Amino acid sequence: MPNLLLTDYCNRSCPYCFAKEKVALGAKAPRWHMSEDELEVVLGYLKRGRDLVSLLGGEPTLHPRYPSIVRSLVSRGYDLKIFSNGTTPQLREGLADLPETAVRIILNLNPPETYAPEEAAQLEANFRACGARLTLSFNIWTPRFDWRYLREAIVKWGLGKTIRIGLAQPIQGVTNAFLDEPATREACRGLVAMAEALAPEGIIIAFDCGFRLCLFTEEEHGILAECGADQHFLCGPILDIGQGLQVWRCFPFSGQGGVRLTDFKSLEEIRQHFLQQWSNERKQGNGPACAQCAHFRNETCLGGCLSRTVLRLRSLAGDG
Amino acid sequence: MAELSVTEPGAGTAPARHMDLATFSRIVDILERDRERLVVVSADGAPPPALPEMLDRLAAGSFRAMVYAGDGSGWRRTREDLDYVFDARAMIRRLRGSTRSAQDGGAGLTLLRGCEQASLYLGVASARPPVDGLLKLLAMAPNAKTVMVGVGWKAWAGGPLPGARESAPRWSEGLLALVSELTDRGVQSAFGCGLTLCCFSRKQLGRLAGMKVRWPLAHCRPQFHIDPTGLVGYCRRIRRPSANLLEIGSLTKVREGFTPLQMMGKMCPRTGALPCRSGATEACGRGCLADALAGWHGGTATGG
């Protein structure tokens with residue numbers, strides 16, 4: 001499902017942020033907010049009741065009309081998925097009146113020491129208000145990481161028992177934190193240990209896009225399956241829709257120039273456009289071994305994040 | 321998920337019972353209010369006279385609809401209507417994967433070819449699934465991108481299918497070979513309900529992670545089977561206790577009533593009450609609830 005960028009403003013600055021190219025940081029940064037007219041145009045491309053509406057930013061709750069947008073979309077029959085950093089009071093405003101199945105929250109939770117006391121208080125209040133409709137997400141950008149605070153939050157506040165795991169990926173044209181190949185492998189070993197430790201409490205991990213099958217051994221895949229991990233190894237055009245109804249393949253490509261939504265008849269047409277645009281790079285995969293891999297050929301693994309592949313190919317060509 | 325059974329076969333020589341259009345519309349209105357996202361119209365055998373209007377109603381609503389079409393033989397009259405069923409998926413059930421079945425199910429294949437997304441159902445009754453026959457069927461219906469693999473429930477509760485001599489490891493190897501074969505052809509596999517995850521070894525699970533297969537592999541979820549009079553049962557196999565959806569007016573409320581029943585399924589057929597991480601994470605549905613209620617699980621847990 002496409003992501004709607006409600007605003008480009010964010011009140012936090014995470015080192016791995018995949019939206020860096022499009023996000024306005026700091027109190028004095030110029031801000032853009034999606035207008036009602038733009039929102040209506042985007043909704044015209046979605047099927048009510050069949051397509052989820054994903055709200056993103058920046059921090060989407062910082063849109064001046066965020067609570068009324070959410071209420072209005074739900075009353076019109078749309079189901080929402082909201083990606084938030086969880087540090088604003090707007091996130092919980094009016095939420096109790098909306099069905100749990102209609103509004104789901106994905107909250108990206110960083111280690112506790114990275115939050116100011118006021119932010120930590122807002123997080124707690126949002127956890128209390130959201131409960132099981134809130135799923136935590138966690139971005140890996142260092143080879144070793146602590147995840148125990150995630151378990152504590154889930155158990156303490158009765159949050160959804162899934163942790164969405166993202167691998168920080170390189171953003172074209174911007175410097176951000178992400179892992180090289182050996183560090184990614186080490187991080188994946190840590191993920192297996194994490195899945196094993198969480199499973200007895202019924203907590204599972206779910207992969208975001210950009211993982212490769214070969215980052216894990218067969219034994220590790222077996223353990224992950226036993227622990228209920230949602231393993232997939234995909235990378236495709238997600239479609240992020242932002243300022244001026246520009247559409248990007250996904251955030252790592254937001255510096256590359258997108259296309260205009262209204263130049264296309266459907267979202268599927270835009271997906272096909274991006275598949276075609278990067279078709280040669282998609283055939284390469286993250287590493288030289290991808291081309292010979294049976295999983296890559298039968299598309300059970302799409303060779304990792306396309307942004308990494310592009311970076312690798314540029315480096316080989318000597319312009320990276 | 322709710323399963324609307326618009327046709328139910330009559331006992332013996334009795335005629336089939338059909339859901340009437342007014343009942344269908346009332347039920348669909350309720351499900352839409354409850355924001356149910358998948359409605360399965362079960363039209364095994366002879367479809368009801370009002371089927372085209374029913375499909376129109378689904379197409380106009382906010383549903384992802386899937387149609388169980390039985391062997392397709394009763395759909396000759398209505399199959400062209402499926403062309404305009406928005407986002408519908410026809411599932412041809414009871415094709416056993418043999419060429420003979422394919423000929424018998426000619427109408428079903430026409431139906432399959434007319435659908436945007438189609439699935440085949442393969443009932444596996446031995447440790448060697450009929451891979452060759454299935455591949456012939458897939459060649460005849462190239463738009464079928466998913467094969468639902470149904471396995472005899474009791475076979476997975478810790479031993480062989482009653483009457484069969486094959487052991488569980490042989491079954492799991494046979495299923496793995498089937499999924500691998502389908503993966504190579506770009507076809508996804510999905511296992512039917514009632515498996516236990518520990519039927520596969522860790523190594524086999526590791527191999528399955530690299531194949532086109534729908535997870536979780538081993539599940540047992542309420543299907544909310546709704547009969548032509550509006551009575552809701554937990555699933556096709558558990559029809560009692562039931563509640564009348566038309567009187568209660570909300571599937572969400574009916575679902576709450578089934579919670580105690582669902583809890584009874586938390587006893588694993590293999591380990592009994594012992595904790596298992598796959599059961600805790602619901603990676604495994606701990607076998608078939610209908611079997612558990614019938615006392616079958618208790619028998620296998622003690623080796624009996």
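As given, the protein sequences belong to chains X and D, one line each in that order.
In terms of the numbering used here, the first sequence has 252 at position 252, counting the first letter as 1, and numbering is strictly consecutive.
For any residue, its number in the numbering used here is found by taking its place in the second sequence, counting from 1, and adding 320.
Glycine residues also receive a C-beta, built at the ideal position from the N, C-alpha and C atoms.
These numbers come from a predicted model, not from an experiment.
Straight-line spacing of the CA atoms in Val444(D) and Leu525(D) works out to 19 Å. In chain order, Trp535 make up the part of chain D whose C-beta sits under 8 Å from the C-beta of Asp230(X).
In the three-state DSSP reduction, Met468(D) falls in the strand class (E or B).
Annotation: the continuous beta strand (DSSP E) that includes Gly166(X) extends over 162–167.
Straight through space, the alpha carbons of Leu594(D) and Leu515(D) are spaced by roughly 18 Å. Taking a 10 Å sphere around the C-beta of Lys523(D), we find fewer than 16 other C-beta atoms and assign the residue as exposed.
Counting the other Cβ atoms within 10 Å of the Cβ of Asp611(D) gives 16 or more, which makes it buried. Residues of chain X whose Cβ lies closer than 9 Å to the Cβ of Ala459(D) do not exist; the shortest such Cβ separation is about 18 Å.
Using a 10 angstroms sphere on the CB of Met583(D), the tally of other CB atoms stays under 16, which defines it as exposed. Contact of Ala610(D) with chain X is not assigned, every C-beta pair being separated by 7 Å or more. The segment 232–241 of chain X makes contact with the segment 207–216 of chain X: 3 or more CB pairs, one atom from each, lie closer than 8 Å. Taking 7 Å as the CB threshold, Pro89(X) stays off the interface with chain D. Non-local beta-carbon contacts of Glu356(D) in its own chain, meaning distances under 8 Å to residues more than five positions away in sequence, involve Met321, Ala322, Phe383, Leu571 in chain order.
Taking 7 Å as the cut-off, the Cβ atoms of Asn85(X) and Arg12(X) count as close. Nearest CB-CB separation between Arg606(D) and chain X: not below the 7 Å threshold. The beta carbon of Arg249(X) lies closer than 6 Å to those of Pro237, Phe274 in the same chain, with the five residues before and after it left out.
Chain-order list of chain D residues neighbouring Leu213(X): Ala529, Gly530, by C-beta distance under 8 Å. The C-alpha of Leu351(D) lies about 19 Å from the C-alpha of Thr579(D).
The shortest C-alpha to C-alpha distance from Ile154(X) to any of Leu302(X), Arg133(X), Glu118(X) is the one to Arg133(X).
Membership of Gln172(X) in any alpha helix (DSSP H) is not indicated, and neither H nor E is assigned to it by DSSP. With respect to the 7 Å criterion, Phe296(X) and Gly304(X) are not classified as neighbours on the basis of their beta carbons.
Assignment of alpha helix (DSSP H) within the segment 203–242 of chain X, counting only whole runs of 4 or more residues, yields 218–226 in chain order. DSSP, read as helix, strand or coil, puts Tyr441(D) in strand.
Restricting attention to Val359(D), Arg353(D), Asp340(D), Asp354(D), the CA atom closest to the CA of Glu373(D) is found in Asp340(D).
Taking a cut-off of 8 Å on C-beta distances, the segment 194–208 of chain X does not touch the segment 285–296 of chain X, as fewer than three cross pairs fall below it. Taking the Cα positions, Leu566(D) is about 41 Å away from Glu38(X).
DSSP places Asp8(X) outside any alpha helix (DSSP H), giving it a letter other than H or E.
By the beta-carbon neighbour count (other beta carbons within 10 angstroms, threshold 16), Leu316(X) is exposed. Between Pro335(D) and the set Arg557(D), Leu502(D), Pro368(D), the nearest pair of CA atoms involves Pro368(D).
Under the three-pair Cβ rule at 8 Å, the segment 186–204 of chain X does not count as touching the segment 325–335 of chain D. Classified as exposed, Ala291(X) has fewer than 16 neighbouring CB atoms from the shown chains inside 10 Å of its CB.
For the 7 Å CB-CB criterion, Leu528(D) and Phe511(D) do not form a contact. Here the alpha carbon of Leu455(D) sits roughly 17 Å from the alpha carbon of Met531(D). Among the bridge pairs identified by DSSP, Asn139(X) is matched with Gly166(X). Per the C-alpha coordinates, the member of Leu502(D), Glu493(D), His545(D) positioned closest to Leu457(D) is Leu502(D).
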